[in-house]
Amino acid sequence: MSTKMVLATVVSQEQLLGDVYSMWLDVGDMAGDAKAGQFIALYSSDHSRLLPRPISICEVAPEKGSLRIVYRVVGKGTEEFSGYQAGDPVRITGPLGNGYPLLKAPAILVAGGIGIPPMLELARRLDCEKTIVLGYKDKLFLNKDFEPYGKVVISTEDGSCGVHGNALDAIREAKVTGQVIYSCGPTPMLRAVKAYAEAQGIEAYISLEEKMACGIGACLACVCNSTEVDDHSHVHNKRICKDGPVFNAREVIL
Amino acid sequence: MISTKVNLAGVELKNPVMVASGTFGSGAEFSEFFDLSGLGAVVTKGVANVPWPGNPAPRIAETPSGMLNAIGLQNPGIDVFVKRDLPFLADYDTKVIVNVCGHSTEEYLEVVERLADEPVVSMLEINISCPNVKEGGIAFGTSAKAVEDITKAVKARAKQPVIMKLSPNVTDITEMARAAEAGGADCLSMINTITGMKIDIERQTFAIANKTGGLSGPAIRPVAVRMVYQTAQAVRIPIIGMGGITCAEDAIEFLLAGATAVSVGTASFNDPFTAMNVVTGIEAYMTRHHVADINDLIGIVK
Ligand SMILES: Cc1cc2nc3c(=O)[nH]c(=O)nc-3n(C[C@H](O)[C@H](O)[C@H](O)COP(=O)(O)OP(=O)(O)OC[C@H]3O[C@@H](n4cnc5c(N)ncnc54)[C@H](O)[C@@H]3O)c2cc1C
Ligand SMILES: Cc1cc2nc3c(=O)[nH]c(=O)nc-3n(C[C@H](O)[C@H](O)[C@H](O)COP(=O)(O)O)c2cc1C
Ligand code: FES
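First to last, the sequence lines map onto chains A and B.
Under the numbering used here, think of the first position of the first sequence as 40, with each following residue one higher.
Under the numbering used here, think of the first position of the second sequence as 128, with each following residue one higher.
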């Protein structure tokens, strides 16, 4: 189950939207070790870009030794990845981080924008009643992939599809209920999810982001403020790459 | 048979390759990738007398062939370090060098004294390039007088050989190196990061919360090689060279410039196996160049 570095091979690459890509990677045993909510670090083949790019695991196919990532092109690294084709090599480490707990209680999965991909593997693995709330700015991606696993509620900020507004508006408008929330997305959304869960008196597991250097817990670059003293430095700074990226919302201050 | 053994102030290392403080934690995370016993030494993250929370995030930013960091020396403090990290490192056949940080002379000394009776610790590396110190806000490492004074104070209490880690953010590095030598330093390590800044033009603010950060990685290597070379001409004590080492060829540049040992830092973030690859690459270079003893490479470029 430990973290490995492997030279993965691109199985396929597909453009889902203008700047959103889906890539299947041949990674060997890592696919079987990976849990929903964990991530991999991809290294650029251009050595002027030294740091790993953390990308969530969207789906795994352990029998084929492959995993899927869905990512948005936002800079030089992701732009490079979007140019990869089947057969191209890419160096990665993984699986990294902790992943989501798989509880039995009726669940609400809430994701926004490029926080949507890790919810797919989670939706596949959660063996419980679940509602999947997906928030988009305008154009949809990946929503069809969720349909086999639960009821899907959509929101768009421009009102072009589903509820007009954000994912939290969708929860209220569609009267979505559940006993536990799993979430990933932009920080303002996670803040709203945390507040909503507290108001409802239910647990929420949220996945956080921060700039990373080592990705394995050694450099202390990627910390978030935690309510409890952390195990590593005995201060109030948990490492997102190692102690997270998934935290019980009560554990962290956003 | 080739010999890669080097001697740093009486401490023999099986090879000259170590890891740079702060880029390797206390080794636990990297031990999932390779056996730490392959390294000449492990240099730990800076440890203070009490836990330090460090700086707010974002703490790092990538830059061309390098990165800026302002971690702010987050560390668990000496108590946890001695109970948890030293026993972990004791299980490996490598030397342990503990990097020490503090806001004041007293804080450094408290850590130095706590480590005096720890047999696992082979050497102390004193980080005198912290940005926040008592003395009128001037870092311990940027005034020759302050460098000499802190070195003397540490040497008076330390049981292990003392490495002074020099800051490159000075006009004349050899002046600081001579001051450390005059204060009784057994060894020098250089360079620490070079102060830099990156501005995020979309958000129109600093890329890292601390505004400034320390530049590391291949971008600083030519500066580091130059400083090691100049310092090797100016002092008699051994030098541990670092700054942007990514492979054996980079490490050999430092040895030829006068470093007795080298540290791999930022490059471990790009590939956790880098330090081990440097070890094997140095052996290959020695074979290729028919060098039997690594000491025959040290400082031969003059
Ligand atoms: C745990 C985790 C999971 C993630 N999962 C996904 C995902 O599934 N899909 C997806 O599209 N994106 C994901 N991200 C964000 C992704 O890491 C960044 O978009 C990516 O690193 C940008 O790289 P770049 O070179 O294109 O951008 P640049 O802006 O050129 O990158 C410069 C540096 O900043 C870092 N960086 C930039 N943006 C982020 C960010 N948002 N978070 C962390 N580091 C960043 C880069 O890694 C690089 O070191 C995730 C981030 C984290 C922390
Ligand atoms: C993330 C990070 C943390 C660091 N922490 C410390 C530290 O705690 N103490 C110290 O003396 N140097 C610290 N350094 C400096 C390195 O040990 C080294 O001197 C510098 O990074 C140059 O080497 P490099 O280019 O190989 O990284 C740190 C560097 C980085 C990148
Ligand atoms: S990125 Fe180094 S500790 Fe998380």
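We put the beta carbon where it would ideally sit given N, CA and C, even for glycine.
Beta carbon of residue 210(A), beta carbon of residue 201(A): below 7 Å? no
Just list the alpha helix (DSSP H) runs in the region 107-185 of chain A, keeping only unbroken ones of 4 residues or longer that don't cross its boundaries, in chain order. 115-121, 156-164 and 182-185
Within 7 Å, strictly: CB atoms of residue 228(B) and residue 173(B): yes
Quick one: give me the first and last residue of the beta strand (DSSP E) that residue 82(A) is part of. It is not in any beta strand (DSSP E) - residue 82(A) carries neither H nor E in the DSSP assignment.
Report whether the distance from the Cβ of residue 256(B) to the nearest heavy atom of ligand 1 is below 6 Å. no
Determine whether the Cβ of residue 152(B) lies closer than 7 Å to any Cβ atom of chain A. yes
Please identify, using Cβ separations under 8 Å, the residues of the region 398-429 of chain B that lie next to chain A, in order along the chain. 398, 399 and 400
Within its chain, find whatever has a CB closer than 6 Å to the CB of residue 63(A); leave out the 5 residues flanking it on each side and keep chain order. 50, 51, 105 and 107
Please state the DSSP three-state secondary structure of residue 168(B). strand
Under 5 Å, CB to nearest heavy atom of ligand 1: contacting residues: 78(A), 90(A), 92(A), 93(A), 94(A), 95(A), 110(A), 111(A), 113(A), 114(A), 115(A), 116(A), 117(A), 153(A), 156(A), 248(A), 250(A), 284(A) and 189(B)
Answer yes or no: the CB of residue 46(A) versus the heavy atoms of ligand 3, is any distance below 6 Å? no
Roughly how far, in whole angstroms, is the beta-carbon of residue 385(B) from the beta-carbon of residue 426(B), given that I think they are within contact range, below 8 Å? 4 Å
Could you please give the first and the last residue of the uninterrupted beta strand (DSSP E) stretch that includes residue 287(A)? 285-287
Could you name the residues, in chain order, whose CB is less than 7 Å away from a heavy atom belonging to ligand 3? 251(A), 252(A), 253(A), 254(A), 255(A), 256(A), 257(A), 258(A), 259(A), 260(A), 261(A), 278(A), 279(A), 280(A) and 281(A)
Starting from the Cα of residue 361(B), find the closest Cα among 377(B), 204(B) and 299(B) and give me that residue. 299(B)
The alpha helix (DSSP H) with residue 72(A) in it runs from where to where? 69-72
Give the interface partners of residue 262(A) over in chain B, defined as CB-CB distance under 8 Å, in chain order. 181, 184, 186 and 201
Residues of chain A with CB closer than 7 Å to the CB of residue 393(B), please, in chain order. 89
Would you mind working out which of 321(B), 241(B), 359(B) and 142(B) sits nearest residue 284(B), comparing C-alpha positions? 241(B)
Is it buried or exposed for residue 244(B), if we count other Cβ within 10 angstroms and need 16 for buried? exposed
Inspect the beta-carbon positions of residue 86(B) and residue 247(B) and report whether they are closer than 7 Å. The requested residue 86(B) does not occur in the structure, where chain B is confined to residues 128 to 429.
Please state the DSSP three-state secondary structure of residue 162(B). coil
So, is residue 134(B) buried or exposed, given that buried needs 16 or more other C-beta atoms within 10 angstroms? exposed
Can you say whether residue 109(A) is buried or exposed, counting buried as having 16 or more other CB atoms within 10 angstroms of its CB? buried
Are residue 136(A) and residue 218(A) closer than 7 Å when you measure CB to CB? no
Near ligand 2: residue 174(A) beta-carbon under 6 Å from a heavy atom: no
Mind checking who residue 223(A) pairs with in its DSSP beta bridge? 150(A) and 246(A)
Supposed close pair residue 74(A), residue 138(A) - CB separation, criterion 8 Å: 3 Å
Among 288(B), 276(B) and 185(B), nearest to residue 306(B) - alpha-carbon criterion: 276(B)
Euclidean distance between Cα positions of residue 264(A) and residue 203(B): 15 Å
Measuring CA to CA, which of 378(B), 256(B) and 212(B) is closest to residue 145(B)? 378(B)
Tell me, please, whether the CB atom of residue 280(A) is closer than 7 Å to any CB atom in chain B? no
Between which two residues does the alpha helix (DSSP H) harbouring residue 405(B) extend? 401-415
Is it a yes or a no for the region 398-416 of chain B touching the region 176-184 of chain B, going by three-plus beta-carbon pairs under 8 Å? no
Examine chain A for any beta-carbon lying closer than 7 Å to the beta-carbon of residue 259(B), and answer yes or no. Because the pLDDT at residue 259(B) is just 46, under 50, the model does not fix this residue reliably, and the value given afterwards should be weighed accordingly. Not one chain A Cβ lies under 7 Å of residue 259(B).
Should residue 150(B) be counted as a contact of ligand 2 given a C-beta to heavy atom distance under 6 Å? yes
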